[in-house]
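Enquirer: Just so you know, the sequence shown maps onto residues 167 to 476 in the numbering used here. One structure, as structure tokens, below. Some questions next.
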Amino acid sequence: VGLPQYDTFSFYVTGDAPYTEAEEDLLREQLAEISNSVTDEDMFLLHVGDLMRAKTTFCQRRNYQLIEDVFTQQLPNLPVFLIPGDNDWNDCPDPDLAWQYWEDYLMAFERNFMGIRSYLPFVERQSVRQENLAFVLNGVLIIGLNQVAGIDDVGYEERLDHNIAWIGEQADKYQDDMASGSGRIRLCIVFAHSGKGARVFRHAKRKLSEYSFPTLVLKGDGHTFNVSNNLRDIGQDFGWDLFKAVQVDQGGKAPPMRITIQGTTAEALKAREVGLEESENVKVFWDFVRLDRRGGVYSTFLEAEDIDDE
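Structure, rendered in structure tokens:
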């Protein structure tokens, strides 16, 4: 039996912005640029949390309305997935009120784009924690978690338990596809705001490392692009060969990165021969995942860093 035939697809990732009015303007420009260049290969954009700065915005209702407006107005032709960061919730002056605003304006945000990408699969959400999501697209299991940094709230440990249960539920659901070698699940992507809460990722290792496909974690919080084989609090030797953690650039310093998952059709395999070359701002994982930083950190920030170093 041959491997399933999957088309190549791409998606964009950003995070930790906008923190200022200038970054809000920049985000609008970034999204408009993406909107004007969307191809059939592009499936969605995801933001890994911290959509505002709690200390300066105080997490008021208008800040959540603003985020809703920015993404729906500037990127109307590409679904957007949002997960919370500490600045959107637990670091706010009133976390309970902030969470109510999140639920009112940003929960299940991709539903604002129903019908835009009709081939996006059904997005499942955890019954006890609706912000946790999962879906399978072209052989890729994608899991989103509420995994924030910042101040520990009273429900912190319970939230980690929910995240562990969600990963386990998804792994169990697709266990036959994972173990059969049929190729139906060929990659797992987990996106979360922070690497805090190491036991969640240790559980992910226990559930997923026994299979032959890799796992990619996409996270924010650190504000500087980084690729590693471990996560904070786990230690230097995670002991999982098929694991990568990517920390995205802070959105005010660099454009959203574009990640491409190469397909398995004859056409996709032919394109793969010339499309997987690495460079300063392009990384390739496992010979079929291409990460393009689209130029990386803006020159204005690089110049500022040079001045600071002098």
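The C-beta atom is built at its ideal place from N, Cα and C for all residues, glycine as well.
Please go through the region 177-225 and give each complete beta strand (DSSP E) segment of 3 or more residues, from N-terminal end onward.
Expert: For the region 177-225, whole beta strand (DSSP E) runs of length 3 or above, ordered along the chain, are 208-213.
Enquirer: Considering only their Cβ atoms, is the gap separating residue 315 from residue 252 smaller than 7 angstroms?
Expert: On the sequence shown, residue 252 is found 86 positions in, with the first residue counted as 1. On the sequence shown, residue 315 is found 149 positions in, with the first residue counted as 1. Yes.
Enquirer: Is residue 424 near residue 203, with beta carbons less than 7 angstroms apart?
Expert: Residue 424 sits at position 258 when you count from the first residue of the sequence shown. Residue 203 sits at position 37 when you count from the first residue of the sequence shown. Not a contact, by the Cβ cut-off of 7 angstroms.
Enquirer: When burial is assigned at 16 or more other CB atoms within 10 Å of the CB, is residue 329 buried or exposed?
Expert: Position 163 of the sequence shown, counted from the start, is the residue given in the question as residue 329. Its Cβ being crowded by 16 or more others within 10 Å, residue 329 is buried.
Enquirer: Hey, out of 290, 218 and 172, whose CA is closest to residue 188's CA?
Expert: Here residue 188 refers to the residue found at position 22 of the sequence shown. Ranking the options by Cα distance to residue 188, first place goes to 218.
Enquirer: Run through DSSP, which three-state label would residue 401 get?
Expert: The residue labelled residue 401 in the question sits at position 235 within the sequence shown. Because the pLDDT of residue 401 is 47, which lies under 50, any placement of that residue in the model is unreliable, and the number read from its coordinates should be weighed accordingly. Coil at residue 401, not helix or strand.
Enquirer: Are there 16 or more other CB atoms within 10 angstroms of the CB of residue 452, so buried, or fewer, so exposed?
Expert: Position 286 of the sequence shown, counting from 1, holds the residue named residue 452. That one is exposed.
Enquirer: Between 426, 435 and 392, which lies nearest to residue 463 when the distance is taken from Cα to Cα?
Expert: Along the sequence shown, read from residue 1 onward, the residue named residue 463 stands at position 297. Among 426, 435 and 392, the Cα nearest to that of residue 463 is on 392.
Enquirer: Determine the burial state of residue 454: buried for a count of at least 16 other Cβ atoms within 10 Å of its Cβ, exposed for fewer.
Expert: Within the sequence shown, numbered from 1, the residue matching residue 454 stands at position 288. It is buried - the Cβ of residue 454 has at least 16 other Cβ atoms within 10 Å.
Enquirer: Closest to residue 277 by C-alpha separation, out of 302, 247, 265 and 268, would be which residue?
Expert: Start at 1 with the first residue of the sequence shown, and residue 277 comes out as number 111. Closest option to residue 277, Cα to Cα, is 247.
Enquirer: Can you say whether residue 178 is buried or exposed, counting buried as having 16 or more other CB atoms within 10 angstroms of its CB?
Expert: The sequence position of residue 178 within the sequence shown is 12, counting from 1. Burial call: buried.
Enquirer: Over what stretch of residues does the alpha helix (DSSP H) that includes residue 335 continue unbroken?
Expert: Here the question's residue 335 lines up with position 169 in the sequence shown. Counting along the chain, the alpha helix (DSSP H) containing residue 335 begins and ends at 322-339.
Enquirer: Note down, in chain order, each residue of its chain lying with its Cβ closer than 7 angstroms to the Cβ of residue 243, except the 5 sequence neighbours on either side.
Expert: Taking the first residue of the sequence shown as 1, we reach residue 243 at position 77. 201, 204 and 282, listed in sequence order.
Enquirer: Would you report the Cα separation of residue 382 and residue 369, rounded to the nearest angstrom?
Expert: The residue you call residue 382 lines up with position 216 of the sequence shown. The residue you call residue 369 lines up with position 203 of the sequence shown. Roughly 15 angstroms separates the two Cα atoms.
Enquirer: Taking the alpha-carbon of residue 427 as reference, which of 442, 420 and 414 has the nearest alpha-carbon?
Expert: The residue labelled residue 427 in the question sits at position 261 within the sequence shown. Checking every option, the nearest Cα to that of residue 427 belongs to 442.
Enquirer: Would residue 333 and residue 340 be called neighbours here (beta carbons separated by less than 7 angstroms)?
Expert: Mapped onto the sequence shown, residue 333 falls at position 167. Mapped onto the sequence shown, residue 340 falls at position 174. No, the Cβ-Cβ distance between residue 333 and residue 340 is not below 7 angstroms.
Enquirer: May I have the straight-line CA-CA distance separating residue 407 from residue 413, to the nearest angstrom?
Expert: The sequence position of residue 407 within the sequence shown is 241, counting from 1. The sequence position of residue 413 within the sequence shown is 247, counting from 1. Roughly 18 angstroms between the two C-alpha positions.
Enquirer: Report buried or exposed for residue 436, applying the criterion of at least 16 other Cβ atoms within 10 angstroms of its Cβ.
Expert: Residue mapping note: residue 436 aligns to position 270 of the sequence shown, counting from 1. Exposed.
Enquirer: Considering only residues of the region 262-327, which uninterrupted beta strand (DSSP E) runs meet the minimum length of 3 residues and lie entirely inside it, listed in chain order?
Expert: Those beta strand (DSSP E) runs which fall completely within the region 262-327 and span 3+ residues are 290-292, 295-303 and 306-310.
Enquirer: For the 8 angstroms Cβ check, are there 3 or more pairs between the region 255-263 and the region 219-227?
Expert: The region 255-263 vs the region 219-227: in contact.
Enquirer: Quick one: what's residue 392 bridged to in DSSP?
Expert: Looking up residue 392 in the sequence shown gives position 226. For residue 392, which the question treats as bridged, DSSP gives the partners 413.
Enquirer: Is it buried or exposed for residue 267, if we count other Cβ within 10 angstroms and need 16 for buried?
Expert: In the sequence shown, residue 267 corresponds to position 101, counting from 1. Looking at its Cβ environment, which holds 16 or more other Cβ atoms inside 10 Å, residue 267 is buried.
Enquirer: Could you tell me the distance, in whole angstroms, from the CA atom of residue 388 to the CA atom of residue 287?
Expert: In the sequence shown, counting from the first residue as 1, residue 388 sits at position 222. In the sequence shown, counting from the first residue as 1, residue 287 sits at position 121. Taking the straight line joining both Cα atoms gives about 31 angstroms.
Enquirer: To which residues does DSSP link residue 432 through a beta bridge?
Expert: To locate residue 432, count along the sequence shown from 1; it is residue 266. For residue 432, which the question treats as bridged, DSSP gives no partner whatsoever.
Enquirer: Could you pull the DSSP bridge partners for residue 385 from this structure?
Expert: Start at 1 with the first residue of the sequence shown, and residue 385 comes out as number 219. Residue 385 pairs with 358 and 413.
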